[in-house]
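Respectively, the protein sequence lines represent chains A and B. The opening position of the first sequence corresponds to residue 0 in numbering that gives the first Met the number 0, with each subsequent residue numbered one higher. The opening position of the second sequence corresponds to residue 0 in numbering that gives the first Met the number 0, with each subsequent residue numbered one higher. Where a beta carbon is used, it is the ideal one built from N, C-alpha and C, also for glycine. Report on one structure; see the data block that follows.
Number of protein chains: 2
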Amino acid sequence: MITLEEKKLQGYKHKLLSFEKGEHKSQEVLEINPRGQLPAFKHGDNVLNESSAACLYLENQFKSQGVKLTPDSPAEQALMYQRMMEGLTLTDKLNSVIYYDLLVPEEERHDSAVKRNREELATELNLWEGYLQKVVAAGSYLAGGFSLADVIVFPNIAFAFRFGLSAGRYPKLAKYYSLLKDRPSIKASRPPHWLASPQGFDILKDI
Amino acid sequence: MITLEEKKLQGYKHKLLSFEKGEHKSQEVLEINPRGQLPAFKHGDNVLNESSAACLYLENQFKSQGVKLTPDSPAEQALMYQRMMEGLTLTDKLNSVIYYDLLVPEEERHDSAVKRNREELATELNLWEGYLQKVVAAGSYLAGGFSLADVIVFPNIAFAFRFGLSAGRYPKLAKYYSLLKDRPSIKASRPPHWLASPQGFDILKDI
């Protein structure tokens, strides 16, 4: 949705589904995405269900419309692709802590695994804290101008703070979050229930 | 390496490292990749350590050199990005079976988890078997011509057969494998020890 907004594709159809109600396994979703996962996205007859794939496709199809999300310089372009794909690892590590009980059946849960997942997430977040060190000092984005790297990585950072991440412990992540949170594309795509209760969870507060 | 070969960038420096000897944690790797993982790749001063990121970058930087790895038609381009990113899920599911003992400490292992991982891998492989149904009938690739989707997905398929996947049970995957295995870029990038002992493992034979 951030990419759709940046590319001035407003007017796209979208629908908020509930995981709790299992709506991601509905026939409506399965017809687009046989994995029964979100996002499930269609542009004309073209189906793109991986968010990074959908972003790359939209950027390529609407190159000169709205904001250009791929930097021109080879150095920034390399950084963009690198951070974008590393963002998928950040997602995995956040999920392995936040959704541990959903991902692991009760009889297979171990305190040692919970501890290790939390330590690995802290290591991952500190890596990003380092990446952002120079970037936020310059008031800039992950790879020069606002790019696909921010499109993919920002929602992870927002997600982490929603789940209680400490701004004191991760000041660069917090700075990055506050630099981007009111960008129009990001405001327009914020989940409505996040606005209603901006922070109701503290699972990450001691990470 | 497949992308480097397709883009006629022969002459690139490369080095085969041993996981068993922990060479991926060497200073030489850590200087390029702070995660201590492979690949660790540098083009000039530009660092790209995620293989999909490196492929996207090389394709973009060398658009008109060697084989064009991005289709022109929107439909094929959508399919390319989608399959490419889904390939990362295939990698995860293969790893969770093949490297279970490496990934999970002994006291946290469960037969129920092993069974579930194997079932999830079978579901994943059957999904790809379906994707390839039309494709290999037409003697073609994952998204029209040979593209970044094949660059990312093929090594996973090769890996699965090396670990004993049954060609009888997955005939389309086997057909796809045999269509691509002698392509020059793929032959040039095949791990040398795979040639010495083409198939020494049977962990996937009953999947």
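| Check | Outcome |
| --- | --- |
| Alpha carbon of G144 (chain B) to alpha carbon of W193 (chain B), nearest angstrom | 27 angstroms |
| Which of helix, strand or coil DSSP assigns to M46 (chain A) | One point to set straight first is that residue 46 (chain A) is Val, not Met, in the sequence displayed. DSSP places V46 (chain A) in strand when its eight states are reduced to three. |
| The segment 100-112 of chain B touching the segment 91-108 of chain A, judged by at least three CB pairs closer than 8 angstroms | yes |
| D44 (chain B): contacting residues in chain A (beta-carbon distance under 8 angstroms) | A74 |
| Environment of A173 (chain B) [buried if 16+ CB atoms lie within 10 Å] | buried |
| Closer than 8 angstroms to chain A by CB, P85 (chain B) | The question names Pro, yet the displayed sequence has Glu at residue 85 (chain B). Chain A, which has a Cβ nearer than 8 angstroms to the Cβ of E85 (chain B), makes this yes. |
| Other residues of its chain near L131 (chain A): CB distance less than 6 angstroms, five sequence neighbours each side excluded | K171, Y175 |
| Contact residues within the segment 48-72 of chain A, judged by C-beta distance below 7 angstroms to chain B | N48, E49, S51, A52, L55, Y56, N59, Q60 |
| Through-space distance from L8 (chain A) to K204 (chain B), alpha-carbon basis | 48 angstroms |
| Endpoints, alpha helix (DSSP H) assigned at I1 (chain A) | 1-5 |
| Whole-angstrom distance between I185 (chain B) and R228 (chain B), CA atom to CA atom | Because chain B is modelled from 0 through 206, residue 228 (chain B) falls outside the range shown and cannot be assessed. |
| 8 angstroms Cβ cutoff, R81 (chain A) in contact with chain B | A small fix is needed here, since residue 81 (chain A) is Gln in this sequence, not Arg. Yes, Q81 (chain A) counts as interfacial toward chain B. |
| Opposing strand residues paired with Y142 (chain B) [DSSP bridges] | Checking the sequence shown, residue 142 (chain B) turns out to be Ala, not Tyr. DSSP output for A142 (chain B) lists B:G144 as bridge partner(s). |
| Residue environment, L57 (chain A), which counts as buried when at least 16 other CB atoms sit within 10 Å | buried |
| A39 (chain B) at chain A interface by Cβ criterion, 8 angstroms | no |
| Own chain, CB closer than 7 angstroms to A142 (chain A), minus 5 neighbours either side, in chain order | P70, E75, L78, M79, R82, A148 |
| Cα-Cα separation between E4 (chain A) and G167 (chain B), rounded to whole angstroms | 47 angstroms |
| Endpoints, alpha helix (DSSP H) assigned at P191 (chain B) | 191-195 |
| Proximity test, Cβ basis, 8 angstroms: H109 (chain A) and chain B | yes |
| CB contact check: P33 (chain B) to chain A, cutoff 8 angstroms | yes |
| Simplified DSSP assignment, three categories, for F18 (chain B) | coil |
| Chain B contact for A142 (chain A) (CB, 8 angstroms cutoff) | no |
| Residues near I202 (chain A) by beta carbon distance below 8 angstroms, same chain, minus five either side | V96, I97, F162, G163 |
| Which residues DSSP lists as bridging K41 (chain B), in chain order | B:V46 |
| Span separating the alpha-carbon of N125 (chain B) from that of Y99 (chain B) | 21 angstroms |
| Residues near R108 (chain B) by beta carbon distance below 8 angstroms, same chain, minus five either side | Y99, D100 |
| Sequence-distant residues of the same chain with beta carbon closer than 6 angstroms to C54 (chain B), five excluded per side | T2, L147, V150 |
| Within 8 angstroms, strictly: CB atoms of H23 (chain A) and G35 (chain A) | yes |
| Assigned secondary structure, T69 (chain A) (DSSP; H/G/I helix, E/B strand, else coil) | coil |
| Whole alpha helix (DSSP H) elements within the segment 67-144 of chain A, 4-residue minimum | 73-97, 99-102, 110-136 |
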